[in-house]
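Shown next, in structure tokens, is the structure this report addresses.
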């Protein structure tokens, strides 16, 4: 029966090269056992170490040439923007490179200029936004842009300027998405509700705005605020039953808004199964408040957005 090799503590919970394994005393013959798994040629992990996105990125850095840089959705995810799927991981390279498992390599004909983020070469947020437009739909791209601006990775003006000045693949969709990106967005579902309303031709709500009564007293902070019509639209992100204290707080908040002359529309996760109901409820509230604009128009863009909710 083969004896389990002693594995130095320094190799646990990480990926490592053949040279690092040799230096730690884990020889090539030891690495042939079931306790060590090859991630890429010359890159390893212990069987007890799960290959998550973080380690997948670091394994790619070890396996690829020095000029490779994390790009597309993978770059945004590494910078804290949860967009797209973790795998496969996208890298850009300026020369020839062999395809690796779970890695997508995008060959660039011009020089790329990455910057270091937590020890990994990464393309800039604005560049990664445009690159991601070749792989993402409009909704996910706007979600990413909202999150980028919220996290301080870029500004609204910088993102717009970059898409206008760029001629990269994906820039047409990136320009369309950048025009829909807003500041102060707290969650992807806020983005989704806003896009459903705007794509239907209804007035665009302001994002995360303070709401006051006629006397100027603060009532609440609203997710999506149609100030002219005194309507607040909010996404309720709770998936479990609230405790009694939180339920009471929610009731008081609604009563405070309604007493101050505002209408509160709460959108739950279940509502996204029938996105048209979200638009219809907001439109009905607008009409009750004196809105005389056109009714919702559920055209091609709206249908594409609704299909992906």
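Residue numbers (the working numbering): 409 to 717. We put the beta carbon where it would ideally sit given N, CA and C, even for glycine.
Remark: C-beta atoms of residue 641 and residue 599 do not approach each other more closely than 8 Å. Scanning its chain for C-beta atoms nearer than 7 Å, with the 5 sequence neighbours on each side dropped, one finds around residue 563 the residues 557, in chain order. Contact between residue 552 and residue 540 holds, since their C-beta atoms are separated by about 6 Å, short of 8 Å.
No Cβ-Cβ contact shorter than 8 Å links residue 536 with residue 516. Setting aside the 5 residues that flank it on each side, residue 674 is surrounded in the same chain by 642 and 644, each with a C-beta closer than 7 Å to its C-beta; the list follows chain order. DSSP, reduced to helix, strand and coil, places residue 452 within a strand of the structure shown. Per DSSP, residue 703 is not a residue of any alpha helix (DSSP H), being assigned neither H nor E. For residue 547, DSSP records no beta bridge to any residue. Residue 629 and residue 680 have their alpha carbons spaced roughly 23 Å apart.
Burial check for residue 700: the Cβ neighbour count within 10 Å stays below 16, so the residue is exposed.
Looking at the DSSP output, residue 628 sits in a beta bridge with 619.
For residue 596, the secondary structure class from DSSP, reduced to helix, strand or coil, is helix. Shown here, residue 612 sits in coil according to DSSP, grouped into three states, outside any helix or strand. In the DSSP assignment, residue 515 falls within the unbroken beta strand (DSSP E) covering 511-515. In chain order, 481 place their CB closer than 6 Å to the CB of residue 492, counting only its own chain and leaving out the 5 sequence neighbours on each side. Note that the C-beta distance between residue 520 and residue 477 is below 8 Å.
Nearest Cα to residue 703 within the set 666, 596, 658 and 606: 606. Annotation for residue 585: 541, 546, 549, 550 and 553 place their beta carbon closer than 7 Å to its own, counting only its chain and skipping 5 residues before and after. Residue environment analysis places residue 615 among the buried positions, since at least 16 neighbouring C-beta atoms fall within 10 angstroms of its C-beta. For residue 642, there is no enclosing alpha helix (DSSP H); the residue is part of the beta strand (DSSP E) that begins and ends at 639-643. For residue 524, the enclosing beta strand (DSSP E) has its first and last residue at 523-525. Between residue 610 and residue 633, the gap from beta carbon to beta carbon reaches 8 Å or more.
Judged by their CB atoms, residue 511 and residue 450 are not nearer to each other than the 8 Å cut-off. The Cβ atoms of residue 622 and residue 669 sit closer than 8 Å to each other. For the 8 Å CB-CB criterion, residue 457 and residue 420 form a contact. Residue pairing by DSSP places residue 500 opposite 477 and 514 in a beta bridge. Taking residue 502 as reference, the option from 522, 485, 509 and 496 with the minimal CA-CA separation is 522. Secondary structure at residue 563: coil, using DSSP grouped into helix, strand and coil. Just measuring C-alpha positions, the residue of 447, 484, 526 and 571 sitting nearest residue 555 is 484. Residue 712 is not a Cβ neighbour of residue 665, given a cutoff of 8 Å. Secondary structure of residue 463 (DSSP, three-state): helix.
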